[in-house]
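Number of protein chains: 2
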Amino acid sequence: MARRESAQAGQGPERISEAEHAVMEALWEQSPLTASEVGERVGDLRGWSLATVKTLLSRLVAKQAVRTEPDGKRYLYFPAIARADYLGSESRRLVDRLFGGRAAPLFAHLAEAEALTSEDIAEIEALLREMKQ
Amino acid sequence: MARRESAQAGQGPERISEAEHAVMEALWEQSPLTASEVGERVGDLRGWSLATVKTLLSRLVAKQAVRTEPDGKRYLYFPAIARADYLGSESRRLVDRLFGGRAAPLFAHLAEAEALTSEDIAEIEALLREMKQ
DNA sequence: CATTCATGTTTACAAACGTAGTCGATTACG
DNA sequence: CGTAATCGACTACGTTTGTAAACATGAATG
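Protein chains in written order, with the numbering used here: chain A, 953 to 1085; chain B, 953 to 1085.
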């Protein structure tokens, strides 16, 4: 089925779907967690059954985005990729796909859509000042 | 299956997939185009058959992202949504999903990942100056 | 020890997606 | 006019995703 990791090198960062991402967020916030703990956190607020959460966890393990450690008869789940890396690559994807890889047009859009709060602006100014040195 | 558009209101902006987006880009760059013209532009550079492009166009029409006008025995295809709107909503989605709706952390990530060129920075500064007034 | 509970694994299934072939109608060309 | 090229519509098919049930197994509990 056209695996991309079948060949040599391998662990290409297998895309994480939106539902899977919600599970990742739970694990990034705290880890390790058991499946039912993830269920409590994510399932409840998204209206998912425990079964669904278990499926998502398995898929994340298969994608090597989550790692497990046995703990008696069950597993403890850990994130296997860093949140920062994930955010970085997803942001980059968007910027590449929609803005030709340039961040400025993205900002222009956010600004125009009034998606920038005044705190955002202040923070960005601060960042810019920092970068200047 | 929890369709979100099943209920009353309806024409929620039906997500555009990545492949479909490539077709939209062609139409945004120039329109109207015939199916084969889209094929020439998009298909060639993505390695798609004309059949594939035709499928994508139909799906976009179904999603009301593309509009047609008959021209003899064929159709002329027009974008039915503005590129700016699309960019805006996609950017917003990302910012909401990954950064809690705040643009500053996104900026910080791009900055950290060195995804910002010096022109980007200059442009962003200019934007900020503009917004201040 | 028998039964229930918790847990991971397997299987399911519809919708969306990527990718494309086929078919019927129409047009254009020789 | 007959035939080839064109075009949209319909059909197809494997994969990924969202969502979950069924099952097997081992642990806990009465």
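For every residue, glycine included, the Cβ atom is placed at its ideal position computed from N, Cα and C.
CB contact check: residue i to chain B, cutoff 8 Å
{"i": "residue 995 of chain A", "result": "no"}
{"i": "residue 1055 of chain A", "result": "yes"}
{"i": "residue 1033 of chain A", "result": "no"}
{"i": "residue 1030 of chain A", "result": "no"}
{"i": "residue 966 of chain A", "result": "no"}
{"i": "residue 1044 of chain A", "result": "yes"}
{"i": "residue 1080 of chain A", "result": "yes"}
{"i": "residue 1060 of chain A", "result": "yes"}
{"i": "residue 1077 of chain A", "result": "yes"}
Proximity test, Cβ basis, 8 Å: residue i and chain A
{"i": "residue 969 of chain B", "result": "no"}
{"i": "residue 1017 of chain B", "result": "no"}
{"i": "residue 1008 of chain B", "result": "no"}
{"i": "residue 1012 of chain B", "result": "no"}
Backbone secondary structure at residue i - three-state DSSP
{"i": "residue 966 of chain A", "result": "coil"}
{"i": "residue 1004 of chain B", "result": "helix"}
{"i": "residue 1049 of chain B", "result": "helix"}
{"i": "residue 1028 of chain B", "result": "strand"}
{"i": "residue 1022 of chain B", "result": "strand"}
{"i": "residue 985 of chain A", "result": "strand"}
{"i": "residue 998 of chain B", "result": "helix"}
{"i": "residue 1033 of chain B", "result": "coil"}
{"i": "residue 1054 of chain B", "result": "coil"}
{"i": "residue 1068 of chain B", "result": "coil"}
{"i": "residue 1017 of chain B", "result": "coil"}
Classification of residue i by the beta-carbon crowding that lies within 10 angstroms, buried from 16 upward
{"i": "residue 1083 of chain A", "result": "exposed"}
{"i": "residue 1008 of chain B", "result": "buried"}
{"i": "residue 1030 of chain A", "result": "exposed"}
{"i": "residue 1045 of chain A", "result": "exposed"}
{"i": "residue 1071 of chain A", "result": "exposed"}
Nearest-angstrom Cβ-Cβ length linking residue i and residue j, presumed shorter than 8 Å
{"i": "residue 1000 of chain A", "j": "residue 1035 of chain A", "result": "Wrong, their Cβ atoms sit about 21 Å apart, outside the cutoff."}
**Near-chain A residues of the segment 1062-1074 of chain B - C-beta to any C-beta below 9 Å** = 1062, 1063, 1064, 1065, 1067, 1068, 1069, 1071, 1072, 1073 and 1074
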